[in-house]
Amino acid sequence: MNAGKSTTLLQSSFNYQERGMNPLIYTAAIDTRYGQGQVSSRIGLSAKAQLFAPQTNMFLAIETLHNTRKIDCVLIDESQFLTKAQVNELTDVVDKLNIPVLCYGLRTDFRGELFVGAQYLLAWADKLIELKTVCHCGRKANMVLRTDEHGIAIADGEQVEIGGNERYVSVCRTHYKEALEHAIPVKG
468 MNAGKSTTLL QSSFNYQERG MNPLIYTAAI DTRYGQGQVS SRIGLSAKAQ LFAPQTNMFL
528 AIETLHNTRK IDCVLIDESQ FLTKAQVNEL TDVVDKLNIP VLCYGLRTDF RGELFVGAQY
588 LLAWADKLIE LKTVCHCGRK ANMVLRTDEH GIAIADGEQV EIGGNERYVS VCRTHYKEAL
648 EHAIPVKG
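FYI, in my numbering the residues of the sequence shown are 468 to 655.
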């Protein structure tokens, strides 16, 4: 969270467009924070996006669009919400359609467990680039806490609950464990 994933995706899209190329952006249908069919960054950048849901066949959807207009790159926001099958379909986009696919998403949830999409992207991606953010102590923030309305860390619950900075806080592993063990308010 807060590492600039959407900003980086939007910058990549701009770079392709600036060179007269056609990027295709997808985002998860489940993410309605900024309205459906849109990728938005915290710094105010945004772009329209196609939606994917668990039942979307990513290869067929992209191939169909590619047959109507040339697609030079596929950019996936919120890639943690991809299914195993969809990650496999995206490898087919790269291998069979020869279109690069860049995925941007979280690795783990607030319980420290891999998202399914992240699990298979980690296993099958050609290249991984970690975007870093910083804990309030200055160390690398590699964990995400979910908090209640009082800022107290929540240890259990549904894996997916759409929310922004008011519900989730990026912290280092030390502060992640401390917040869960001591039920103290989390610094933002």
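Glycine included, every Cβ here is placed at the ideal spot set by N, Cα and C.
- Per the C-alpha coordinates, the member of Lys594, Gly487, Ala516, Ile497 positioned closest to Leu476 is Ala516.
- In this structure, DSSP gives Asp623 a state outside helix and strand, which the three-state scheme calls coil.
- The stretch 602-614 makes no contact with the stretch 546-561; the number of CB pairs closer than 8 Å stays below 3.
- Taking 8 Å as the cut-off, the beta carbon of Ala622 is found no closer than this to the beta carbon of Leu598.
- Counting along the chain, Arg640 sits inside the alpha helix (DSSP H) bounded by residues 640-649.
- From the listed residues Pro567, Leu589, Glu545, Ala495, the smallest Cα separation to Glu530 is found for Pro567.
- Remark: C-beta atoms of Ser546 and Leu581 do not approach each other more closely than 8 Å.
- Put simply, of Met525, Ala496, Val541, Phe526 the residue whose alpha carbon is nearest the alpha carbon of Phe481 is Val541.
- Taking Ser508 as the centre and dropping the five residues before and after it, the same chain places the C-beta of Ser473, Thr474, Leu477 closer than 7 Å to its C-beta, in chain order.
- CA-to-CA, the gap between Lys563 and Gln626 works out to about 33 Å.
- Shown here for Met610: same chain residues with a beta carbon closer than 6 Å to its own, the five before and five after excluded, namely Val638, Arg640, Tyr643 in chain order.
- With a 10 Å radius around the Cβ and a threshold of 16 neighbouring Cβ atoms, Ile596 comes out exposed.
- Taking 4 residues as the shortest admissible run, the stretch 550-619 contains the following complete alpha helix (DSSP H) segments, listed from N- to C-terminal end: 551-564, 583-591.
- Where Lys515 is concerned, the enclosing beta strand (DSSP E) starts and stops at 513-515.
- Between Thr614 and Gln484, the alpha-carbon positions lie close to 39 Å from each other.
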